[in-house]
Amino acid sequence: MPEADRAPAPEAPDPGADVLDARYLGAEGVERYLRRHGLGATKRYSQNHLVDSEVLEAIVEVSAPQGRSILEIGPGIGILTGALLSAGAARVSAVEVDRRLAGHLRERFGSDPRFVLTETDVLDADVASLVERPYDLVANLPYHITSPVLHQALGQEPRPERFVLMLQREVAERITSPPGALSYLSVFVQYHADVSLLRTVPASAFEPAPQVESAVVVGRVRPRRLGQVEEEELWRLVQAGFRERRKMIHNVLLRQLPLAGRERITAALATVGIAPDRRPQTVSVDEWLALAVAMGPLP
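Quick note on the working numbering: the sequence shown kicks off at 149 and runs consecutively.
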């Protein structure tokens, strides 16, 4: 909803109250907090702190962190971190690349043995060394690393059992889209997980407010359906198809995978029941999977 229509956050009962607590959360309080601690947002890291208590509580509720091990990427000043710990998370493994924020997080949560902070770029990290398994991924994700984080989290081991992520709305809608509007990223995510869009989130829910709307997506990770080698072949095939996603799939694959040969491509499409004039963006995840099996190892 527009910022002017938002109800103000409840006032803290005393000057010493934690303005980052979900009960008192609001844009003005967080802005003052950031100024007081010298923690202004850095564009380089896509820092937008969640300041809407209703959205925060919705994320925590669907995350159901009680007794769970959580991996949080980009915790910022710890708004979501604190809410997860307060809701009974058994462990929150936080990964923060910004040295200023990492120092602040140590001050806030360092005395809680359930909080474990790693100061690094998550894309350079060994996830296996960061988490206690099984674990869930819960994060207000820095938008500039959305795609690589999803590939890391779902494509490598250990994978989370569940994920609850704040993403740019356009990306959230793309990865939850049905056949007809699919992209490579949506096929990748939907192959690995049952994923749905929980809710959209206005720019006014953040401080500073981003220039785009956001959305929360929820996913439950599926068991792998192919071995490592077969998965690699699947993604080669899907990538080839989505290089020209609005063209006829038979012609696209023939252009992008010329060594596979016309006869093999035609036979594989017929085996799966995919018409040669279908567009790649209309092919479902299960159809891509079946097509990869029918095609076999790619030359």
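Where is the CB? At the ideal position from N, CA and C, for every residue including glycine.
Is the stretch 414–431 close to the stretch 322–340, with three or more CB pairs under 8 Å?
Yes, the stretch 414–431 is in contact with the stretch 322–340.
If contact is defined by three or more beta carbon pairs under 8 Å, each pair taking one atom from either stretch, is the stretch 271–289 in contact with the stretch 299–309? These segments touch.
- prompt: Do Glu-244 and Pro-223 have their C-beta atoms closer together than 7 Å?
  reply: Yes; because the gap between Cβ atoms is below 7 Å, this pair is in contact.
May I have the straight-line CA-CA distance separating Gly-258 from Arg-391, to the nearest angstrom?
Cα atoms of Gly-258 and Arg-391: separation of roughly 47 Å, rounded to the nearest angstrom.
Open item on the list: Restricting to Cα atoms, I'd like to know which of Phe-336, Ser-362 and Met-396 is closest to Leu-437.
Closed with: If we check each option's Cα against that of Leu-437, Phe-336 comes out closest.
Same chain only: Cβ atoms within 8 Å of Pro-150, ignoring 5 sequence neighbours per side | Note that Pro-150 has pLDDT 43, beneath the 50 cutoff, so the model's placement of it is unreliable and no number is given.
- Once you ignore the five residues that flank Gly-367 on each side, which residues in its own chain have a CB closer than 6 Å to its CB? For Gly-367, where only same-chain residues beyond five positions count, the Cβ hits under 6 Å are Phe-311, Ala-341 and Val-343.
**Contacting residues, own chain, Cβ-Cβ under 6 Å from Gln-338 (five flanking each side not counted)** = Around Gln-338: Val-433.
Reduced DSSP category for Gly-303 - H, G, I as helix; E, B as strand; rest coil = Helix.
Quiz item: In the stretch 194–282, which residue ranges form an unbroken beta strand (DSSP E) of at least 3 residues, counting only runs that do not cross its ends?
Solution: Within the stretch 194–282, the complete beta strand (DSSP E) runs of at least 3 residues are 217–221, 239–244 and 263–267.
Original post:
In this structure, what does DSSP give as the bridge partners for Ser-362?
Top reply: Gln-316 and Val-349.
CA-to-CA distance, Asp-246 to Leu-204, given in whole angstroms
Looking at the two C-alpha atoms, the distance is approximately 22 Å.
Inter-stretch contact (C-beta, 8 Å, three-pair minimum) for the stretch 373–382 and the stretch 283–295 = By the Cβ criterion, the stretch 373–382 is not in contact with the stretch 283–295, since fewer than three pairs of Cβ atoms, one from each stretch, lie closer than 8 Å.
inquiry  = Tell me the DSSP secondary structure of Asp-342 in three-state form.
reply    = In this structure, DSSP gives Asp-342 an extended state, which the three-state scheme calls strand.
Q.
Just to confirm my understanding: we take Leu-439, look at its own chain, exclude 5 residues before and 5 after, and list those with CB closer than 8 Å. What are they?
A. Same-chain partners within the cutoff: Leu-385, Ala-416, Leu-417, Val-420, Ile-422 and Val-431.
Next item on the list: Please name the residue or residues paired with Arg-368 in a DSSP beta bridge.
Entry: DSSP, once it has assigned bridges, lists Arg-310 and Asp-342 as partnering Arg-368.
Exercise. Over what stretch of residues does the alpha helix (DSSP H) that includes Leu-187 continue unbroken?
Worked result: Run containing Leu-187: none; DSSP gives neither H nor E here.
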